[in-house]
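K.L.:
Before I ask anything, here is the structure I am working with.
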Amino acid sequence: MSFKLAVIGAGSVGFTRTLFSDLMSVPEFHNIEVAFTDINQHNLDMVTSLCQRDLDENGVPIKIHATLNRREALTNARYIINCVRIGMLEAFETDIEIPLKYGVDQCVGDTLCAGGIMYGQRGIAAILDFCKDIREVSEPGAIMLNYSNPNAMMTWAANKYGGVHTIGLCHGVQGGHHQIAEALGLEQKDVDIICAGINHQTWYISVKHKGEDMLPKLLEAYRSNEYLSRTEKVRIDMLKNFGYYSTESNGHLSEYVAWYRKRPDELEKWIDLSVWIHGETGGYLRVCREGRNWFEEDYPNWMKEPAKEYTSQNRSQEHGSYIIESLETGRIYRGHFNVMNKGCITNLPDESVVEVPGYVDANGLSIPKIGDLPLGCAAICSQSIWVQRLAVEAAVAGDITLLRQAMLMDPLTGAVCTPQEIYQMVDEMLIAGEAWLPQYKDEIVKAKERMKSTNLIPPRDYTGIRVKEKTLEEMHQDKKEARKNAAEADKAK
């Protein structure tokens, strides 16, 4: 088979190497054309060299074309994988640290809450540029597989305003599926699940083992598991209150709702610091920094170790390669995907991005109708959808009024901050992100003037509940763990 694949943001080693290796485990794809593009030459060179070494040692004749010229990479591409982080870790730091000055404590900050909303402003400005290039130079009908967060906002903007068929992909459903099976004492392959909701707030509305409904057994299974009962307190509490388990991790879920992170004295009751994903303040930023630093340090050794073997046993559970395989070969694949709703979940807005089951074959992507979500689950998702919609429209138009409204309506941000604090925080975040927010050029000029005022709200004396970032010397004490973190697309593993 012959087609072209382009990867935007290919300097991300965790995603790029994993997704590319998955694709190369399909024998029919050993003659495709591949282009990697990024804005960082150094990162692009490292990841390209690593992936090319894997290809060569597996005897695959593909030669990766790496370029800083995005349009060149996208020319004639049939499939585009987007895994960019606009602003890189430098901008990500502002998504965490500026809201923290106003009392908004985030574990991840890349989907909702103040950090996720601002991350979306940067990402949407960029993805619309990607879409313009795809429409103009890629193969007609090209499909973009979006891994970038905030996934729902990015996928929404690309489909509605970008004019490119875009499918949002995430590994949250698979991770929760594995954990549910573990809690029940079963193998993942023996537990059948159906999830529905929105990205990172998707609900396991059906859990079955050999036809038996396992939902009534979930709460007790989690409560009786020593490890899970200690590390998943937020998810267990949500299961108790709403009757369904959520895909997203303890720390991530805690920042999407108003109840668990709004008071510092309460937060310690809900999080666990043994692993970042259980809720530490800025935990994802910390492990991303550690991973980046270790990859830079250890890269020469990566090139000396054995190449990744392109086998089905080594293939990850990331959806991307399976979708492309199904579209090209006709082999049927079932997964959970982020798509425009269009009546799939009947008690959520048609114009929203939902995460739901789907089937892929040579005829394309087929999405079954789910019907109504359980009412409480739908209520939680609905509140988040309105935040997403305000944020998407704000990003497209560069509209500071809509941006402020998105922050006001965000559950945790609104629970912690007054409107005056939100206005000032938005100004500060816009100024910090000036290099990546071209649509807010005029508003940033005004924000700078406002921030010169002598009547600014003073920052709170609050630094969160944090774990010290590891130095390179400390990471050298456990090289295996450091390398695993740097290489993994799913940092929660």
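Just so you know, we're using numbering that gives the first Met the number 0 here: the sequence shown kicks off at 0 and counts up by one.
Glycine is no exception: its CB is placed at the ideal position from the N, C-alpha and C atoms.
Three or more C-beta pairs under 8 Å: does that hold for the segment 361-369 against the segment 172-190?
P.N.:
The segment 361-369 is not in contact with the segment 172-190.
K.L.:
Name the residue from M23, Q404, D44 and D426 whose alpha carbon lies nearest to the alpha carbon of P11.
P.N.:
The count along the sequence shown starts at 1 and reaches residue 11 at position 12. Rather than Pro, the amino acid found at residue 11 in this sequence is Ser. Per the Cα distances, D44.
K.L.:
Return the CA-CA distance between C287 and F2, expressed in angstroms with no decimal places.
P.N.:
Numbered from 1 along the sequence shown, position 288 holds the residue referred to as residue 287. Numbered from 1 along the sequence shown, position 3 holds the residue referred to as residue 2. Rounded to the nearest angstrom, the two C-alpha atoms are 33 Å apart.
K.L.:
Pull up the CB-CB distance for M450 and D426, whole angstroms please, since I reckon it's below 8 Å.
P.N.:
Working through the sequence shown from its first residue, we reach residue 450 at position 451. Working through the sequence shown from its first residue, we reach residue 426 at position 427. With a Cβ gap of about 6 Å, M450 and D426 count as contacting.
K.L.:
Using the beta-carbon count (16 or more within 10 Å), is R16 buried or exposed?
P.N.:
Position 17 of the sequence shown, counted from the start, is the residue given in the question as residue 16. Under this definition R16 is a buried residue.
K.L.:
Just how far apart, CA to CA, sit I456 and D441?
P.N.:
Taking the first residue of the sequence shown as 1, we reach residue 456 at position 457. Taking the first residue of the sequence shown as 1, we reach residue 441 at position 442. Their Cα atoms are separated by approximately 23 Å.
K.L.:
Are there 16 or more other CB atoms within 10 angstroms of the CB of R229, so buried, or fewer, so exposed?
P.N.:
As a working mapping, residue 229 is identified with position 230 in the sequence shown. By the 10 Å Cβ count, R229 comes out exposed.
K.L.:
Just tell me which of P373, Y422 and G162 has its CA closest to the CA of A446.
P.N.:
As a working mapping, residue 446 is identified with position 447 in the sequence shown. Of the candidates P373, Y422 and G162, the one whose C-alpha sits nearest the C-alpha of A446 is Y422.
K.L.:
Let's test the definition: count the other Cβ atoms within 10 Å of the Cβ of N313 and tell me whether it reaches 16, buried, or not, exposed.
P.N.:
Here residue 313 refers to the residue found at position 314 when the sequence shown is read from its first residue. Looking at its Cβ environment, which holds fewer than 16 other Cβ atoms inside 10 Å, N313 is exposed.
K.L.:
Tell me whether T84 sits in a helix, a strand or coil according to DSSP, three-state version.
P.N.:
Your numbering for residue 84 matches position 85 in the sequence shown. The question names Thr, but residue 84 in the sequence shown is Arg. R84 falls in the coil class under three-state DSSP.
K.L.:
Can you tell me whether V444 is buried or exposed? The criterion is at least 16 other CB atoms within 10 Å of its CB, across all chains shown.
P.N.:
For the purposes of this step, residue 444 is taken as the residue at position 445 of the sequence shown. Under this definition V444 is an exposed residue.
K.L.:
Going by C-alpha to C-alpha distance, which of N249, E186 and R285 sits closest to K268?
P.N.:
As a working mapping, residue 268 is identified with position 269 in the sequence shown. Comparing Cα-Cα distances from K268 to each of N249, E186 and R285, the minimum goes to N249.
K.L.:
Where in the segment 301-381 do unbroken runs of the beta strand (DSSP E), each at least 3 residues long, occur, reported from the N-terminal end onward?
P.N.:
Runs found: 332-339, 352-360 and 363-365.
K.L.:
With DSSP as the reference, please indicate the residues paired to A180 in a beta bridge.
P.N.:
Counting from one through the sequence shown, the residue named residue 180 turns up at place 181. None; A180 has no bridge partner.
K.L.:
Do L401 and L88 have their beta-carbon atoms positioned less than 8 Å apart in this structure?
P.N.:
Counting from 1 along the sequence shown, the entry for residue 88 is found at position 89. Counting from 1 along the sequence shown, the entry for residue 401 is found at position 402. In this structure, L401 does not lie closer than 8 Å to L88 by Cβ.
K.L.:
Contact defined as beta carbons within less than 8 Å: I believe D21 pairs with G432. What is the distance between those atoms, to the nearest angstrom?
P.N.:
Indexing the sequence shown from 1 puts residue 21 at position 22. Indexing the sequence shown from 1 puts residue 432 at position 433. Not a contact, Cβ separation roughly 33 Å.
K.L.:
DSSP three-state call for C194: helix, strand or coil?
P.N.:
By 1-based counting over the sequence shown, the position of residue 194 is 195. Looking at C194 - three-state DSSP - the assignment turns out to be strand.
K.L.:
May I ask you to verify whether the segment 236-248 touches the segment 195-215, counting CB pairs closer than 8 Å and requiring at least 3?
P.N.:
Counting Cβ pairs under 8 Å, three or more are found: they touch.
K.L.:
Just verifying my parser: in three-state terms, what is the DSSP assignment at F91?
P.N.:
Translated into positions along the sequence shown, residue 91 becomes position 92. Looking at F91 - three-state DSSP - the assignment turns out to be helix.
K.L.:
In the structure shown, what three-state DSSP assignment does T74 receive?
P.N.:
To locate residue 74, count along the sequence shown from 1; it is residue 75. It is coil, neither helix nor strand.
K.L.:
Between I142 and the rest of its own chain, which residues show a CB-CB distance below 6 Å, the 5 nearest in sequence each way excluded?
P.N.:
On the sequence shown, position 143 is the one that residue 142 refers to. Taken in chain order, the residues that qualify are Y78 and H164.
K.L.:
Label Y221 either buried or exposed according to how many other C-beta atoms from any shown protein chain fall within 10 Å of its C-beta, with 16 as the threshold for buried.
P.N.:
Along the sequence shown, read from residue 1 onward, the residue named residue 221 stands at position 222. The residue is buried, with at least 16 neighbouring Cβ atoms inside 10 Å.
K.L.:
Please state whether DSSP places S20 in a helix, a strand or coil.
P.N.:
Along the sequence shown, read from residue 1 onward, the residue named residue 20 stands at position 21. Three-state result, S20: helix.
K.L.:
Is the CB-CB distance between A151 and A394 below 8 Å?
P.N.:
Against the sequence shown, residue 151 aligns to sequence position 152. Against the sequence shown, residue 394 aligns to sequence position 395. Not closer than 8 Å, so no.
K.L.:
Which residue marks the beginning of the beta strand (DSSP E) containing T66, and which one marks its end?
P.N.:
Along the sequence shown, read from residue 1 onward, the residue named residue 66 stands at position 67. It spans H64 to T66 - the beta strand (DSSP E) in which T66 sits, taken as one unbroken run.
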